[in-house]
Amino acid sequence: MPLIEQGRVAEDSWSLIPDGEPVPNDRPAIISFERWQAERASFDGRNAKLGVRLKGGTLAGAVAADLDRFALVAVEFPKFRDGRGFSTARELRERYGYTGEIRAVGHVIPDQYQFLMRTGFTSVEAPEGTNVESWADALTEITVAFQPSLDDTQPLSLLRRRLGAG
Amino acid sequence: MNHIAPGARAGIYHYDEIDRRFVGERVEQFRKQVERRLAGELTEEEFKPIRLMNGLYLQLHAYMLRIAVPYGVMSAVQLRKLSEIGRKYDRGYGHFTTRQNLQYNWIKLEDTPAILNELADVDMHALQTSGNCVRNVTTDQFVGAAADEVVDGRVYAEILRQWTTLHPEFTYLPRKFKIAISGASSDRAAVRVHDVGLLARRNEAGEAGFTFYVGGGLGRSPFIGKLVREWVAEEDFVAYLEAILRVYNQYGRRDNIYKARIKILVHELGLDTFRQEVEEEFERLRGPKYRMAPEIVAEIRKHFAPPPFEELAERSDILERAKATDPAFANWVAVNVAEHRAPGYAIATISLKPPGGIPGDATCDQMDLIADLAERHSFGELRVSHVQNIVLAHVKQDELYDLWQQLDAAGLGTANAGLIGDIIACPGLDYCALANARSIPLAQAISARFADPIRQRTIGELGIKISGCINACGHHHIAAIGILGVDKKGTEFYQITVGGDPTLTTAIGDILGPAVTETEAVDAIEAIVEVYLANRTGEDERFVDTLKRVGHAPFKERIYAAD
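Heads up: the protein sequence lines correspond to chains A and B, in order.
Here the numbering used here is used: the first sequence runs in plain steps of one and ends on residue 1402.
Here the numbering used here is used: the second sequence runs in plain steps of one and ends on residue 598.
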């Protein structure tokens, strides 16, 4: 499954480790949130990066206390119509101050790419067979956003535009 | 852009280059999405929400395209364009909806990109008129004109229009989300049957703020909106809404489409828990990032500055003379004309409910005429009301007679605003894939039965609303007399409810008795009216008050005793 970053296919240094299989100690590994809960002590002293994958129904609050242990949080979209993940990313960033990578996984479509970026995702694991060009297009086809982005310091951004224009 | 000069018109938000660029980009995006669907890159399942968010529904017989009319306000130029599109791509008419929008019922999929292009020429679009996103925010159709207005709801509805447009976090909500704002002492926007209902008010210092009701809604489980916060200051109102939506987006049910609205979440969590979640989010969100600074509000408010009213006498002799000589006109004035805040002006409601007509339908010729009349008599601006009529908000009293004569000649002079003939009906089984029964023919039969304007006025304020299925798009729950179409083994039946109330004293009507057939329904309505007239203490006792006093028994007896 292609990894998309900044509208381009990128090399994926992470591997998702299915529950029950050994977690490699020498390279970045993503484990399920359930496994983390069950086996967290076994990751004490780990040097390689660790990532956690949240199922659609697992909200940001569940993982909040452990965020300093993870270099990546993968947020799963069970269906592209299920928009909980947008709030999960936003909460991770705004409420819990998470600064690591947030990756969208599961069923997401290029038409959602801008929303993903603007709610705090940094990468997308696009479904198999996706048209990579559509992801690139999606970044530029709408150039106007009426709400502030996460990193926006200007409150209510666009509503403000008229003040400058006079 | 060919709008008439800003100084000469009433308050309409005028697009700037950014708004225009945005709509243009969205049209182009949708064109590409259609191409990707046709190329098989998007599945039908993936394409459906995309097309819905562009206002395109697949109905029983054809595609339906729903055009956004933000808070129901538009210019004459825009209405003329809607008429042109209706002529070119539909069958010569359009249908005004209970969300103050307009829809075309006979659209071809392949025409939609061209239609969206034409709409963009007059700063219009079909965005977010459907789909599980925040829909067109509605407000009082008398906004900016009503004598009882405290806060101008358009200003905040426009802020919300921008705020909710392609909101990155809230475009894939569990279900659709409807917001209504009322800023007057009478609620003409039915705020307590919306997902979020806002009452705009002023505190003792004269500052604007909002009372938030959450979790109202009709459909198969009707709920009256619950008071979540008595006062949210103007500067916090986006933050508070953001908090509500974030709680809903995370916790709202997604396992069952019928339990996915926020009303069910509020009900299942309980009001106190829901409020606590919202307040926690709000406390965190309310920082500078979401602060609605007074200068932003002031800038938006400039768009809605009062039109250049002339200084006129309170009372118009021309109007009085015309009323004295033409009783039909006098009746129209008494029923369809409301008090304006500027001396010598009046608010005129154009009824789209002629006896025997289809509620909310207007022919393209009628739309053209209304556009002309809006330019001549109301600063080039008009409103769509949520009861599916058109309002010219700023008419000189001196010109009312002239206006009415032109309306009447075009079949638009019906005097029934708020009366029994002013029926709300959903499209029903004539158009809608969800419906169990037809709504329109019944509305036509009832309005024909009560065609006599004097009889209607004698009956007084009495709303009838008809829904063709339990989704309740016709708002039957909150009607004085509500009618719900049901299917019994392939035959259409109608269940009658009484005692609903759409105003701030919101009430859900009660079922009167067993469902009746279409022909029985008209007689049953007439029987209900007769029982009311026989029992009321006087002309000023409204139907709902008589009902409260005498109960269901006399009504039931009259309708069902004969069986």
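Cβ coordinates follow ideal geometry from the N, Cα and C atoms, glycine included.
Per the C-alpha coordinates, the member of B/R71, B/E242, B/A155 and B/P394 positioned closest to B/F131 is B/P394. A straight-line Cα-Cα distance of about 24 Å links B/E270 and B/L306.
Per DSSP, reduced to three states, the secondary structure at A/R1339 is strand. Along the region 147-198 of chain B, the alpha helix (DSSP H) occurs as fully enclosed runs of 4 or more residues at 147-156, listed in sequence order. B/R56 and A/V1380 have their C-alpha atoms some 8 Å from each other. E60, R61, E63, Q64, K67, Q68, R71, E76, L77 and E81: these are the residues of the region 58-83 of chain B whose beta carbon lies less than 8 Å from some beta carbon of chain A, given in chain order.
CA-CA distance, B/V313 to B/I259, rounds to 19 Å. The closest CA to that of B/Q138, considering only B/I353, B/G392 and B/H160, is found on B/H160. In this structure, the alpha-carbon of B/R411 lies about 11 Å from that of B/L427.
For B/G232, the uninterrupted beta strand (DSSP E) run begins and ends at V231 to R237, by DSSP. Per DSSP, the unbroken alpha helix (DSSP H) holding B/L435 starts and ends at L435 to A444.
For A/G1287, the beta-bridge partners assigned by DSSP are A/I1266 and A/L1308.
For B/M109, there is no enclosing alpha helix (DSSP H); the enclosing beta strand (DSSP E) has its first and last residue at V108 to S110. A Cβ of chain A is located within less than 8 Å of the beta carbon of B/N284. In the three-state reduction of the DSSP assignment, B/H412 falls in the helix class. B/E80 and B/R236 have their C-alpha atoms spaced approximately 43 Å apart. B/K261 sits away from B/V231, with the two beta carbons spaced by 8 Å or more. Going by C-alpha positions, B/G448 is about 5 Å away from B/L442. Linking B/V564 to B/K591 through their CA atoms gives a straight-line distance of about 12 Å.
In the displayed model, B/V226 falls within a helix according to three-state DSSP. Check the Cα spacing between B/F177 and each of B/A333, B/S221 and B/K143: the tightest is with B/S221. Taken through DSSP and simplified to helix, strand or coil, B/L262 comes out as strand. Restricting attention to B/L87, B/N171 and B/E63, the CA atom closest to the CA of B/N152 is found in B/E63. Around the C-beta of B/Y106, 16 or more other C-beta atoms lie within 10 Å, and the residue is accordingly described as buried.
At a C-beta separation below 9 Å, B/E204 has these neighbours in chain A: G1319, F1322, S1323, A1325, R1326, F1351, R1354, T1355 and Q1383. Annotation: Cβ neighbours of A/F1316 in chain B (cutoff 7 Å, chain order): E81. Nearest to B/Y275 by alpha-carbon distance, out of B/A219, B/G252 and B/W198, is B/W198. For B/R336, there are no neighbours in chain A by C-beta distance under 8 Å, as the nearest C-beta there is about 11 Å away. Contact annotation: the region 280-298 of chain B touches the region 192-212 of chain B, with at least three C-beta pairs closer than 8 Å. The beta carbon of B/A562 is closer than 8 Å to those of F590, R593 and I594 in its chain, skipping five residues each way along the sequence. Using a Cβ-Cβ cut-off of 8 Å, A/E1377 is close to E60, E63, Q64 and K67 of chain B, given in chain order.
About 5 Å separates the Cβ atoms of B/G535 and B/A514, confirming a contact at the 8 Å cut-off. At a cut-off of 8 Å between beta-carbon atoms, A/S1268 makes no contact with chain B. Within chain B, not a single residue places a beta-carbon under 8 Å from that of A/R1329; the smallest gap is close to 11 Å. Contact check between the region 314-326 of chain B and the region 400-417 of chain B: fewer than three CB pairs, one atom from each, fall below 8 Å, which does not count as touching. Counting C-beta pairs closer than 8 Å gives three or more between the region 1334-1344 of chain A and the region 1354-1361 of chain A, which meets the contact rule.
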